[in-house]
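Asks:
Protein chains in written order, with this note's numbering: chain U, 1 to 196; chain R, 1001 to 1196.
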C-alpha cells in the first residue's frame, strides 16, 4: 500500500508539472490534474491540501535536489574555494533539473504574492541559502583560504550572484553561456576573498 | 497642443501604473484605464498601440531614469571603482523609482513569455547592461584601477549581482538591507578586480 500511495503521489506531481508548463498554473485545475493522472479527487486531496501546496511541493523537491548536489560538491572538494567552484559548475544540472519549474514560479509568485503563508514558503529558501553560504565562507576563513572578511556579506553576494544568473538564464536562455558565466563570476568574486 | 498631448500621455501612464499595481496587469482593461484617466479610447490608442506597449513604455521610462542615475554617478566619480560604488549606492533610489513596476513585471512576464516581440523588448535591457558594465570595466583596466581581466565576465558578474539583488529585494524587501548588501557585494567583487 505504501509503495502504491507513493506512486500515486508522484504521478499527480508529474502530471501537474507537465500541465502547469503547457497551460500555465492558473489555467490548470485540480479536476484536470486528476483526470490526466487518473486519480480521484479524494486521492488528490489525500496527498495535497491544495494546488498551491502541490506547487510548493514541486519547488521543494527541486530545491532538495539542488541542496544534495551542493552538499556533495562541498564534501568532495579539497578546499572551500574548490567546493564553491564545483557548486558553480552545477548550473547546467540545476537548470535541467528545474524542468520548467522556474517559468511556472514567475506565474505562481504572481498568484501568491498577496498570500502571506505561501509567501513565507517561498522566501524561506532564499534566507536559508544566505546562511548556508555564509557558513561555507566561515569555513573558508577558518581553513585559511579566505582572508578575514564579513562572511554574511560574502554569503549574500554569492546568493545574489546565483539568483541573478538563474533569473537571467530563465528570461534569456540564449543570452549567454550561463554555466560559464556562473563559474567565471564565482571565481572572480572569490579572487576578492582569498588570503593574500 | 503638444503640451496637452504630453499631459494626456502622462496621465494615461500614471493611471495605468496605479491600476496595474492595485488590480494586477491582466485584470486591468484599456476601458478602465480610459475611464479612470478620463480620456477616450481614441486618445489612448493614439498614444499606445496596446496595453502591452503601454507597459513596456512604463518599464522603459523607469530604466531611462536608472540609466541617467548610473551615468551621473560614473561622471562624478574620480575613478571607475568609485563610480561603481556610487552606482551601487543608488539601489534605494532605483527601488523607490520602480514604484511597483517590478512586481507588475513578474505578472507581465508571464503574459508575455509566449510573445517573441514583447520578449525582445524585455530582454534588450539585460543584454545592453552587460555591454555597458563591460565597457566600464575596460575603462577601469585602462586607467590602471583594475588588473588585466576578462571585462565581459566582470560585466556579466556585475549585472548578475544587480539582478539578483533587485529580485531578492522585490520578493523579500524585509529580508536584508538591500542597499547595504549591494554596496558591500560590489566592493567585494571589485576587491578581486583591483590591480595588486
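For glycine and all other residues, C-beta sits at the position ideal for the given N, C-alpha and C. Computed from a predicted structure; not experimentally measured.
Listing by chain order, which chain U residues have their CB less than 8 Å from the CB of residue 1193 of chain R?
Replies: Mapped onto the second chain, residue 1193 of chain R falls at position 193. By Cβ distance, chain U contributes 188, 191 and 192.
Asks: In the DSSP assignment, what are the bridge partners of residue 146 of chain U?
Replies: Residue numbering aside, residue 146 of chain U sits at position 146 when the first chain is read from its first letter. Answer is U/194, bridged to residue 146 of chain U.
Asks: Going by the CB atoms, is the gap between residue 85 of chain U and residue 1192 of chain R shorter than 8 Å?
Replies: Indexing the second chain from 1 puts residue 1192 of chain R at position 192. Indexing the first chain from 1 puts residue 85 of chain U at position 85. Not closer than 8 Å, so no.
Asks: Check whether the Cβ of residue 1052 of chain R lies closer than 8 Å to any Cβ atom in chain U.
Replies: Indexing the second chain from 1 puts residue 1052 of chain R at position 52. No, no contact with chain U.
Asks: Under a three-way DSSP split, which group does residue 172 of chain U fall into?
Replies: Along the first chain, read from residue 1 onward, the residue named residue 172 of chain U stands at position 172. If DSSP states are grouped into helix, strand and coil, residue 172 of chain U belongs with coil.
Asks: Residue 1156 of chain R and residue 176 of chain U - do their beta-carbons sit closer together than 8 Å?
Replies: Translated into the one-based positions of the first chain, residue 176 of chain U becomes position 176. Translated into the one-based positions of the second chain, residue 1156 of chain R becomes position 156. Yes, these two residues count as a Cβ contact at 8 Å.
Asks: In this structure, how does DSSP classify residue 1028 of chain R when only helix, strand and coil are distinguished?
Replies: Position 28 of the second chain, counted from the start, is the residue given in the question as residue 1028 of chain R. It is coil, neither helix nor strand.
Asks: Let's test the definition: count the other Cβ atoms within 10 Å of the Cβ of residue 1029 of chain R and tell me whether it reaches 16, buried, or not, exposed.
Replies: Start at 1 with the first residue of the second chain, and residue 1029 of chain R comes out as number 29. Its Cβ having fewer than 16 others within 10 Å, residue 1029 of chain R is exposed.
Asks: Short check: CB of residue 39 of chain U to CB of residue 12 of chain U, under 8 Å?
Replies: Working through the first chain from its first residue, we reach residue 39 of chain U at position 39. Working through the first chain from its first residue, we reach residue 12 of chain U at position 12. Yes.
Asks: Go ahead and label residue 1083 of chain R buried or exposed: buried means 16 or more other beta carbons lie within 10 angstroms of its beta carbon, across all protein chains shown.
Replies: Locating residue 1083 of chain R in the second chain gives position 83, counting from the first residue. Result: buried.
Asks: Enumerate in chain order the residues of its own chain whose CB-to-CB distance from residue 151 of chain U is below 7 Å, with the five nearest sequence positions on each side excluded.
Replies: Within the first chain, residue 151 of chain U is the residue found at index 151, counting from 1. If we look at residue 151 of chain U and ignore the five residues flanking it on each side, its Cβ neighbours are 134, 137, 138 and 141.
Asks: Exposed or buried, residue 1173 of chain R, counting other C-beta atoms within 10 Å across all chains shown (16 or more means buried)?
Replies: Here residue 1173 of chain R refers to the residue found at position 173 when the second chain is read from its first residue. Exposed.
Asks: Does the beta-carbon of residue 67 of chain U, which I'm using as the reference point, lie nearer than 7 Å to any heavy atom of the ligand GTP?
Replies: The ligand GTP is not part of this structure, which contains no ligands at all.
Asks: So that I know if they touch, is there some Cβ in chain R lying closer than 8 Å to that of residue 175 of chain U?
Replies: If you number the first chain from 1, residue 175 of chain U lands on position 175. So, interface residue.
Asks: From the beta carbon of residue 179 of chain U, is the nearest beta carbon of chain R less than 8 Å away?
Replies: Within the first chain, numbered from 1, the residue matching residue 179 of chain U stands at position 179. Closer than 8 Å: no.
Asks: For residue 1059 of chain R and residue 1101 of chain R, which I take to be in contact (beta-carbon distance under 8 Å), what is that distance rounded to the nearest angstrom?
Replies: In the second chain, counting from the first residue as 1, residue 1059 of chain R sits at position 59. In the second chain, counting from the first residue as 1, residue 1101 of chain R sits at position 101. Residue 1059 of chain R to residue 1101 of chain R, Cβ: 6 Å. Contact.
Asks: Would residue 15 of chain U pass as a contact of residue 47 of chain U if the rule is Cβ separation under 8 Å?
Replies: As a position in the first chain, residue 15 of chain U is number 15, starting the count at 1. As a position in the first chain, residue 47 of chain U is number 47, starting the count at 1. Result no, Cβ atoms of residue 15 of chain U and residue 47 of chain U do not sit closer than 8 Å.
Asks: Leaving out five residues on either side along the sequence, give the residues of the same chain with a beta carbon under 7 Å from the beta carbon of residue 1130 of chain R.
Replies: Translated into the one-based positions of the second chain, residue 1130 of chain R becomes position 130. Correct list, in chain order: 1155, 1156 and 1159.
Asks: What in chain U is Cβ-close to residue 1156 of chain R, meaning under 7 Å?
Replies: Here the question's residue 1156 of chain R lines up with position 156 in the second chain. Within 7 Å Cβ-Cβ: 176, 181 and 185.
Asks: Does the CB of residue 1164 of chain R have a neighbour CB from chain U at under 8 Å?
Replies: Start at 1 with the first residue of the second chain, and residue 1164 of chain R comes out as number 164. Chain U contact via Cβ: present.
Asks: Along the chain, where does the alpha helix (DSSP H) containing residue 1055 of chain R start, and where does it finish?
Replies: Your numbering for residue 1055 of chain R matches position 55 in the second chain. Start and end: 1051-1076.
Asks: Taking buried to mean at least 16 other C-beta atoms within 10 Å of its own C-beta, is residue 1037 of chain R buried or exposed?
Replies: Within the second chain, numbered from 1, the residue matching residue 1037 of chain R stands at position 37. The residue in question, residue 1037 of chain R, is buried, as its Cβ has 16 or more Cβ neighbours within 10 Å.
Asks: Give the residues of chain R in contact with residue 126 of chain U, contact being defined as C-beta atoms less than 9 Å apart.
Replies: Numbered from 1 along the first chain, position 126 holds the residue referred to as residue 126 of chain U. 1168, 1171, 1172 and 1175, listed in chain order.
Asks: With 8 Å as the threshold, decide whether the Cβ of residue 118 of chain U is near any Cβ in chain R.
Replies: By one-based count along the first chain, residue 118 of chain U stands at place 118. No - not a single Cβ of chain R is within 8 Å of the one on residue 118 of chain U.
Asks: In this structure, does DSSP put residue 1005 of chain R in helix, strand or coil?
Replies: Taking the second chain and counting its residues from 1, the one referred to as residue 1005 of chain R is at position 5. Looking at residue 1005 of chain R - three-state DSSP - the assignment turns out to be helix.
Asks: So, is residue 51 of chain U buried or exposed, given that buried needs 16 or more other C-beta atoms within 10 angstroms?
Replies: Your numbering for residue 51 of chain U matches position 51 in the first chain. It counts as buried.
Asks: Interface residues of chain R around residue 153 of chain U at Cβ under 8 Å?
Replies: As a first step, residue 153 of chain U is located in the first chain; it is residue number 153 there, counting from the start. Within 8 Å Cβ-Cβ: 1181, 1184, 1185 and 1188.
Asks: Can you confirm whether residue 1161 of chain R, when its beta carbon is compared against all beta carbons of chain U, has any partner nearer than 8 Å?
Replies: Here residue 1161 of chain R refers to the residue found at position 161 of the second chain. At least one chain U Cβ lies under 8 Å of residue 1161 of chain R.
Asks: Please confirm whether residue 1136 of chain R has its beta-carbon closer than 8 Å to some beta-carbon of chain U.
Replies: In the second chain, the residue the question calls residue 1136 of chain R occupies position 136. Not closer than 8 Å to any Cβ of chain U, the Cβ of residue 1136 of chain R fails to qualify, so no.
Asks: Need the endpoints of the alpha helix (DSSP H) that residue 1044 of chain R sits in, please.
Replies: Reading the second chain from its first residue, position 44 is the one you call residue 1044 of chain R. From DSSP, the alpha helix (DSSP H) with residue 1044 of chain R extends over 1041-1047.
Asks: Taking residue 12 of chain U as the query, report the chain R residues whose CB atoms sit under 9 Å from its CB, ordered along the chain.
Replies: Sequence index remark: in the first chain, residue 12 of chain U carries index 12 (1-based). Correct list: empty, because the minimum Cβ distance to chain R is about 23 Å.
Asks: Output yes if chain R places a C-beta closer than 8 Å to the C-beta of residue 67 of chain U; else output no.
Replies: On the first chain, residue 67 of chain U is found 67 positions in, with the first residue counted as 1. Chain R contact via Cβ: absent.
Asks: From the beta carbon of residue 82 of chain U, is the nearest beta carbon of chain R less than 8 Å away?
Replies: The count along the first chain starts at 1 and reaches residue 82 of chain U at position 82. Output row for residue 82 of chain U: interface = no.
Asks: By Cβ distance, which residues of its chain are closer than 7 Å to residue 1088 of chain R, with the 5 residues on each side in sequence left out?
Replies: In the second chain, residue 1088 of chain R corresponds to position 88, counting from 1. Hits under 7 Å: 1182, 1183 and 1186.
Asks: So for residue 79 of chain U, helix, strand or coil by DSSP?
Replies: The residue given as residue 79 of chain U occupies position 79 in the first chain. Reduced to three states, the DSSP call for residue 79 of chain U is coil.
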